[in-house]
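These notes concern the structure reproduced below.
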Amino acid sequence: MVEKVIIIGSGPAAWAAAIYTARAQLQPFVIEGAMTAENQAAGTLPMGQLSLTTEVENYPGFPFGDLETYLASSVDQSRLLALPPHKKEGVSGPELVELMRQQAINFGTRTLPEDVVNLDVTAKPFRLSVSDGVTYEAQSIIVATGAKANYLGLESENRFKNRGVSACAVCDGALPRFRNKNLIVVGGGDSAIEEADYLTKFAQKVYLVHRRDQLRASKIMARRAMEHEKIEILWNRTLTEVLGDDQSGVTGAVLKSTVGENDLRLDVTGVFLGIGHTPNTAFLKGKLDLTDKGYIVRPVPFRCHTSVAGIFTAGDVADDYYRQAITAAGTGCMAALDAERYLAALE
Ligand code: NAP
Numbered sequence: 004m005v006e007k008v009i010i011i012g013s014g015p016a017a018w019a020a021a022i023y024t025a026r027a028q029l030q031p032f033v034i035e036g037a038m039t040a041e042n043q044a045a046g047t048l049p050m051g052q053l054s055l056t057t058e059v060e061n062y063p064g065f066p067f068g069d070l071e072t073y074l075a076s077s078v079d080q081s082r083l084l085a086l087p088p089h090k091k092e093g094v095s096g097p098e099l100v101e102l103m104r105q106q107a108i109n110f111g112t113r114t115l116p117e118d119v120v121n122l123d124v125t126a127k128p129f130r131l132s133v134s135d136g137v138t139y140e141a142q143s144i145i146v147a148t149g150a151k152a153n154y155l156g157l158e159s160e161n162r163f164k165n166r167g168v169s170a171c172a173v174c175d176g177a178l179p180r181f182r183n184k185n186l187i188v189v190g191g192g193d194s195a196i197e198e199a200d201y202l203t204k205f206a207q208k209v210y211l212v213h214r215r216d217q218l219r220a221s222k223i224m225a226r227r228a229m230e231h232e233k234i235e236i237l238w239n240r241t242l243t244e245v246l247g248d249d250q251s252g253v254t255g256a257v258l259k260s261t262v263g264e265n266d267l268r269l270d271v272t273g274v275f276l277g278i279g280h281t282p283n284t285a286f287l288k289g290k291l292d293l294t295d296k297g298y299i300v301r302p303v304p305f306r307c308h309t310s311v312a313g314i315f316t317a318g319d320v321a322d323d324y325y326r327q328a329i330t331a332a333g334t335g336c337m338a339a340l341d342a343e344r345y346l347a348a349l350e
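The opening position of the sequence shown corresponds to residue 4 in this note's numbering, with each subsequent residue numbered one higher.
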């Protein structure tokens, strides 16, 4: 059987594409990724980066309120029970993406919990091999495999993820544990400065920790950081340990000097990583045009086409700039409409 459209990924871009293609009677088939230890270690588990966040307060349509009854009536109980505990006021990232998945399934989307391991873009129909050894064929493909935030790889950093360690200030910065507290942002590029700047809305003080004596960020962003009264730049330092305990989460950090000065120990309740993202495109090398940082190139402005006709893309895998759940979902819709038009033209 040749599928009309196969969607690869399971974050907001993938589910939005599935909802739209399902409603267009294209019977989408979503290869949503495998729940394996390897994917856990690599930070590429199914359900995308939303599933790694806590409260989501900036996705329109989910104001503060008790969603418990709604969730229980919309999503399969066994999947809800597998989600991390949440205080049930407003929506959490894992709940939100679970709702998106359910909405896509309600319109007839089929799903497969496997990884795509090979993709033949020269064949028509396209051929995709997945991790259980089966090969599928599709007239069109939407790649929505997302990106993963880079972490330093410290054991202590991993221990306190979601309890003070985060790689997304916009997602987590307004949480009570960061309000009127001292925080750290690691990195010297535009992302780190944007994170630091955003966090100043809530924090008492933000330390920007950079490993060199010069920022990589654009001049305007660098000036913004240097002139901000709540931001202090700690030059020539790297984070070597996140301090904390099981009850309080993060309580401090140890910063090593890269130029031979003494270690610095700071009392902070939050550590944000702003050291870049890596798109999940390893399986696409040599198949689609990628940028030098590995993001999928979209050659047509404001469209979701890729360098191969019939293959479309959506979400963070092709976006190193906005990286929000709402923008990912928006491009998922766009890619679905692009695929629908492509298939209509084929007929
Ligand atoms: P980036 O420009 O690659 O900067 C990454 C930063 O993290 C660098 O300062 C780097 O230090 C540091 N870093 C990397 N690995 C590290 C490690 N292991 N330990 C300590 N520090 C580490 O990435 P980005 O800031 O995410 O920006 C990506 C792209 O998006 C850029 O083109 C940027 O201009 C764009 N962007 C633009 C905006 C905006 O205009 N508002 C906002 C966000 C992003 P070194 O400098 O020493 O290498």
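Built from N, CA and C at the ideal position, the CB exists for glycine as well.
Task: Nearest candidate by alpha-carbon position, reference Ser143, set Asp322, Gln327, Cys307 - done: Cys307
- [ ] Quick one: residues in its chain with C-beta nearer than 6 angstroms to the C-beta of Asp266, no 5 flanking neighbours on either side, listed in chain order?
- [x] Contacts found: Val257, Lys259.
- [ ] Apply the 10 Å Cβ neighbour rule to Lys184 and answer buried if 16 or more other Cβ atoms are within range, or exposed otherwise.
- [x] The residue is buried, with at least 16 neighbouring Cβ atoms inside 10 Å.
Open item on the list: Buried or exposed, going by whether 16 or more other CB atoms sit within 10 Å of the CB of Asp175?
Closed with: buried
Open item on the list: I'd like the span of the alpha helix (DSSP H) that includes Leu334, first residue to last.
Closed with: The sequence shown places Thr at residue 334, rather than the Leu named in the question. Start and end: 328-349.
Task: Length of the line joining the Cα atoms of Gly318 and Gly263 - done: 42 angstroms
- [ ] Specify whether the region 41-57 and the region 97-108 touch according to this definition: at least 3 beta carbon pairs, one from each stretch, less than 8 angstroms apart.
- [x] Touching, yes.
Task: Of the listed residues Ile145, Ala147, Gly149, Asp123, nearest to Thr138 (C-alpha basis) - done: Asp123
- [ ] Quick one: using the 10 Å Cβ neighbour count with 16 as the cut-off for buried, is Met229 buried or exposed?
- [x] Exposed, because fewer than 16 other Cβ atoms sit within 10 Å of the Cβ of Met229.
Task: For Ile299, the nearest candidate out of Ala312, Asn283, Asn61 (CA to CA) - done: Asn283
Task: Beta bridge counterpart(s) of Val209 as assigned by DSSP - done: Leu186, Ile234
Open item on the list: When you compare the CB positions of Phe163 and Ala25, do they come within less than 7 angstroms of one another, or not?
Closed with: no
Task: Contact check, Leu349 vs Lys7, beta carbons under 7 angstroms - done: Between Leu349 and Lys7, the gap from beta carbon to beta carbon reaches 7 angstroms or more.
TODO: Inspect the beta-carbon positions of Leu242 and Gly255 and report whether they are closer than 7 angstroms.
DONE: no
Open item on the list: Along the chain, where does the alpha helix (DSSP H) containing Gly96 start, and where does it finish?
Closed with: Secondary structure note for Gly96: its alpha helix (DSSP H) is the uninterrupted segment 96-109.
- [ ] Determine the direct distance from the alpha carbon of Gln207 to that of Trp238, and round the result to whole angstroms.
- [x] 20 angstroms
- [ ] Could you please give the first and the last residue of the uninterrupted alpha helix (DSSP H) stretch that includes Ile9?
- [x] Segment 5-11 is the beta strand (DSSP E) holding Ile9; no alpha helix (DSSP H) there.
Task: Same chain only: Cβ atoms within 6 angstroms of Gly46, ignoring 5 sequence neighbours per side - done: Lys151
Task: Gly415 Cβ short of 6 angstroms to the ligand NAP heavy atom set - done: A query on residue 415 cannot be resolved here, the shown segment of the chain reaching from 4 to 350 and no further.
Open item on the list: Does any residue of chain B have a CB that is nearer than 7 angstroms to the CB of Ala170?
Closed with: Given the protein chain composition of this structure (a single chain), no chain B is represented.
Open item on the list: Taking the straight line between their C-alpha atoms, what separation do you get for Ser76 and Gly36?
Closed with: 26 angstroms
Task: Exposure label - Leu84; buried when at least 16 CB within 10 Å - done: exposed
Task: Rounded separation between Val33 and Arg227 - CA only - done: In this structure, the alpha-carbon of Val33 lies about 43 angstroms from that of Arg227.
TODO: For Asn121, write down the residues that DSSP places opposite it in a beta bridge.
DONE: Ser132
Open item on the list: Classify Asp251: buried if its beta carbon has 16 or more other beta carbons within 10 angstroms, exposed otherwise.
Closed with: Sequence check: residue 251 is Ser here, not Asp. Exposed, since its Cβ has fewer than 16 Cβ neighbours within 10 Å.
TODO: Have a look at Lys233 and Leu211 and give me their C-alpha separation to the nearest angstrom.
DONE: 10 angstroms
Task: As assigned by DSSP and simplified to three states, the class of Ile278 - done: coil
Open item on the list: When you compare the CB positions of Ile145 and Ala342, do they come within less than 7 angstroms of one another, or not?
Closed with: yes
Task: Bounding residues of the beta strand (DSSP E) (the contiguous stretch that carries Tyr139) - done: Per DSSP, the unbroken beta strand (DSSP E) holding Tyr139 starts and ends at 138-146.
Task: Backbone CA spacing between Asp295 and Leu202 [nearest angstrom] - done: Rounded to whole angstroms, Asp295 to Leu202 spans 30 angstroms at the Cα level.
TODO: Counting only the same chain and skipping the five closest in sequence on each side, list residues whose C-beta sits under 7 angstroms from that of Leu293.
DONE: Thr284, Leu287, Ile299, Val300
Task: Boundaries (first-last residue) of the beta strand (DSSP E) holding Ser260 - done: 252-260
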